[in-house]
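Here the structure is laid out as structure tokens; the discussion comes afterwards.
In our numbering, the protein residues as written are 180 to 377.
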């Protein structure tokens, strides 16, 4: 499948294929930055042509902002042993996040209506990553993180507030109980180092 802005990228193939280790990195950086800016304008100009692919991005609201975060080549070896080049395109967006769900609802409403919005508690990010085959200009994969998903927003809110969280220690060392022999060994060593031994 091909979103409308793929036609724009098709005209940039020669420049993209020249992005390799033999070229000046500063020149490549400037070309990539320029391509990101032009691709941003293409998506902004025709959001309907890409909305089915850029699912979860708010592209229609007047205040909606998004970033073409990355346009870069990714080289891989195909099943036939030949090197293939894909294009990785990352388009991101953020949404103001609030710990209070009622405040979140009010802020989302105000944003859509163009009304003032209170300072946010955290930033909630979403977007899409496209893997484009440069030979066929077809999208091979896309990974989407829906900026409009209230469920994702709720999970991030819970994570940031510490609700339902487990410690990193518990993640790697089961429950992190002091009765666990390995933990007991380290606990006694800590006491000796700190002068707590009896």
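Even for Gly, the Cβ is constructed at its ideal location relative to N, Cα and C. Note that this is a predicted model, so its numbers are computed, not measured.
| Query | Result |
| --- | --- |
| Top-ranked residue by Cα proximity to residue 262, from 268, 252, 271 | 252 |
| For residue 333 and residue 271, the rounded distance between their alpha carbons | 19 Å |
| Three-state secondary structure (DSSP) of residue 278 | coil |
| Residues near residue 207 by beta carbon distance below 7 Å, same chain, minus five either side | 198 |
| Simplified DSSP state of residue 323, which is helix, strand or coil | strand |
| 6 Å Cβ shell around residue 255 - same chain, five flanking residues per side excluded | 263 |
| Contained beta strand (DSSP E) runs [length at least 3] in the region 246-320, N- to C-terminal order | 246-256, 262-276, 301-312 |
| Which listed residue (266, 294, 276) has its alpha carbon closest to that of residue 317 | 266 |
| Spatially closest choice to residue 335 from 310, 319, 212, 305, by CA coordinates | 305 |
| Whether residue 247 touches residue 309 by CB criterion (8 Å) | no |
| Alpha-carbon spacing of residue 296 relative to residue 290, whole angstroms | 7 Å |
| Endpoints, alpha helix (DSSP H) assigned at residue 219 | 204-224 |
| Pick from 250, 303, 212 that is closest to residue 325, judged by C-alpha positions | 303 |
| Residue 288, buried or exposed, once every other Cβ within 10 Å from all chains shown has been counted against 16 | exposed |
| Counted within 10 angstroms of its Cβ, other Cβ atoms place residue 277 as buried (16 or more) or exposed | buried |
| Residue range of the unbroken alpha helix (DSSP H) whose run includes residue 334 | 329-340 |
| Close Cβ partners of residue 216 (< 8 Å) along its chain, the five nearest in sequence each way excluded | 247 |
| Chain-order list of residues whose beta-carbon lies under 8 Å from that of residue 194 (same chain, five-residue window excluded) | 210, 214 |
| Assigned secondary structure, residue 244 (DSSP; H/G/I helix, E/B strand, else coil) | coil |
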